[in-house]
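With the working numbering, letter number 67 in the sequence shown gets 249, and the count goes up by one each step, no holes. The structure appears below as structure tokens.
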Amino acid sequence: MAGETTGRSTVVPFRQFVLKVHSRCNLACTYCYIYAGPDRSWRERPRTVPAATVRQTALRIAEHARTHRLREIRVDMHGGEPLLTGPGPLLDQAAAVRAALPAGCTAHFGVQTNGTLLTPDTVDALAGAGFRIGLSLDGGTPGLNRRRLDHAGRPSWPALSRAVALLRGRPDVFAGILCTIDATADPAEVYGSLRALDAPMLDFLLPHANWSSPPPAALPAGAPRPVPPGPAGRSPYGDWLCTVFDLWWDGGPGPRVRVFTEILGLLLGRPSTSESVGLSPVVALVVDTDGAMEQVDSLKSAYEGAAATGLDVFRHSFDQALAHPGMAARRSGRAGLAAQCRSCALVEVCGGGNYAHRYRADTGGFTNPSVYCADLERLIRHIAARLDATVSPN
């Protein structure tokens, strides 16, 4: 169903469920917004999700699917590092969800991992259960992954490179690569090294930051207010992404790059499928290891408790989570944006950017342009110009 109309509003059900299976990580990446960020709620949660929480979560997912007559859902196993449990618990959780779902509803399963614990047996077990595996890394060389260290300060690259070797040539299981942008790294080197890994999809992520905790190189020192879009605004991340876009656009067959295909689709009038751009309503919900229902993890980069709802799978339904004010704010579309964004010519494509990137403590919340406003404008206008030159060469 596209959505149910209740009174004057349209209810869009959750279709993606992010299940936390382990609340710790075996890496200590220097830029991690979970373990090095302002939210410390992970310290109070079970390290691994109890079986009773798994069963109850499966029942809640099934209840939601039945209520909204969903034909398919997506379930992603996350952490921390989800493979700290080994593959067995992930297979059990997938089996519990499948067993609970109503007839006619299909579940697609994925796991996002740092790759350090992948083995041939683990890949085969997950593939056999219909999982797709996504890797998180910063490039295809040891130097580009220098920020991804374990707790003893040792590099993760040797183990990660073995994981890449296991997944290459496995289109049945390799979902793609998530790469958080380091604006100091050479974009051509990063893209070229990642393309060489033969992943079917790449997703370049802006570092989770906001006006009160700005990203490296994103703001002039001491900037008192949002940098205005256009020539007056610095756009180091936009410049970086434009370089990668040109390499991708001009480079012939290669991986899908999600941020680029999302923007191209929006420019052509298609709805977005990502919270990073566009105005499509949020359809994802997180269930932590204690059964707490939470908004997306990126909000934890803003302040302690920003992702919390006060709801849990034992006492509340997912429909109650839909009604939470935080969820409502993130699916309010243009009406929920700052005035500057609502009047912008690019609003339908940009969508105000990632919700977490709009936070500013001294304004009391998220009704601000993205801290990456100038970067997003730079990238969108560049992609639009390249698209226009291709479809209207004369």
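Virtual Cβ for every residue (Gly too), placed ideally from N, Cα, C.
- Message: When you measure from the CB of Gly434 to every non-hydrogen atom of the ligand COA, does any distance come out below 8 Å?
- Response: In the structure on display, the ligand COA does not appear, and there are no ligands present to speak of.
- Span of the alpha helix (DSSP H) holding Ser375? That run of the alpha helix (DSSP H) goes Pro369 to Arg377.
- Message: Below 8 Å on the Cβ atoms is my contact criterion, and I expect Ile359 with Leu317 to pass it. Report the Cβ-Cβ distance as a whole number of Å.
- Response: Indeed, because the Cβ distance is near 5 Å, the residues count as touching under 8 Å.
- Does the Cβ of Gln502 have 16 or more other Cβ atoms within 10 Å, making it buried, or fewer, making it exposed? With fewer than 16 Cβ atoms within 10 Å of its Cβ, Gln502 is classed as exposed.
- Could you give the C-beta distance for Leu388 and His539, rounded to a whole number, given that I count them as a contact under 8 Å? Contact annotation, Leu388 with His539: C-beta distance approximately 7 Å; criterion of less than 8 Å satisfied.
- Message: Could you tell me which whole beta strand (DSSP E) segments of length 3 or greater appear in the stretch 469-532?
- Response: Here the runs fully enclosed are 474-476 and 490-494.
- Query: Between Ala311 and Thr425, what straight-line distance do the alpha-carbon atoms span, to the nearest angstrom?
  - Reply: Taking the straight line from one Cα to the other gives about 39 Å.
- Item | Local conformation of Ile445 per DSSP, three classes | The DSSP-derived three-state label of Ile445 is helix.
- Nonlocal neighbours in the same chain, by C-beta distance under 8 Å from Thr619, ignoring five residues either side: Absent from the structure is residue 619, since the part of the chain shown begins at 183 and ends at 576.
- Task: Report back the beta-carbon spacing between Thr572 and Thr230 to the nearest angstrom; my notes put them in contact at under 8 Å.
- Result: Not really, about 50 Å apart at Cβ, beyond 8 Å.
- Task: Grab me the residues of Leu481's own chain with a C-beta within less than 6 Å of its C-beta, minus the 5 sequence neighbours each way, in chain order.
- Result: Around Leu481: Ala488, Ala489 and Ala538.
- Is the beta carbon of Arg416 sitting closer than 9 Å to the one on Ala357? Not closer than 9 Å, so no.
- Task: Using beta-carbon positions only, say whether Arg197 and Arg251 come within less than 9 Å of one another.
- Result: Result no, Cβ atoms of Arg197 and Arg251 do not sit closer than 9 Å.
- Query: Alpha carbon to alpha carbon, what distance is there between Asp479 and Trp224?
  - Reply: Here the alpha carbon of Trp224 sits roughly 11 Å from the alpha carbon of Asp479.
- Per DSSP, cross-strand counterpart(s) of Glu559: None; Glu559 has no bridge partner.
- At which residues does the alpha helix (DSSP H) containing Ala381 begin and terminate? Premise fails: Ala381 is in no alpha helix (DSSP H) and is neither H nor E.
- Query: Is Ser338 near Leu209, with beta carbons less than 9 Å apart?
  - Reply: Going by C-beta atoms, Ser338 is nearer than 9 Å to Leu209.
- Task: Within the stretch 230-269, note down every full beta strand (DSSP E) run reaching 3 residues or more, in order along the chain.
- Result: Qualifying beta strand (DSSP E) stretches, in chain order: 254-260.
- Query: Who are Gly546's beta bridge partners in DSSP?
  - Reply: Gly546 is not bridged to any residue.
- Item | Own chain, CB closer than 7 Å to Gly219, minus 5 neighbours either side, in chain order | Cβ-Cβ distances below 7 Å link Gly219 to Lys482 and Ser483 in the same chain, with the five nearest sequence neighbours on each side left out; the list follows chain order.
- Continuous beta strand (DSSP E) stretch holding Ala307: start and end: Per DSSP, Ala307 is not a residue of any beta strand (DSSP E); the alpha helix (DSSP H) it occupies stretches across Pro302 to Gly310.
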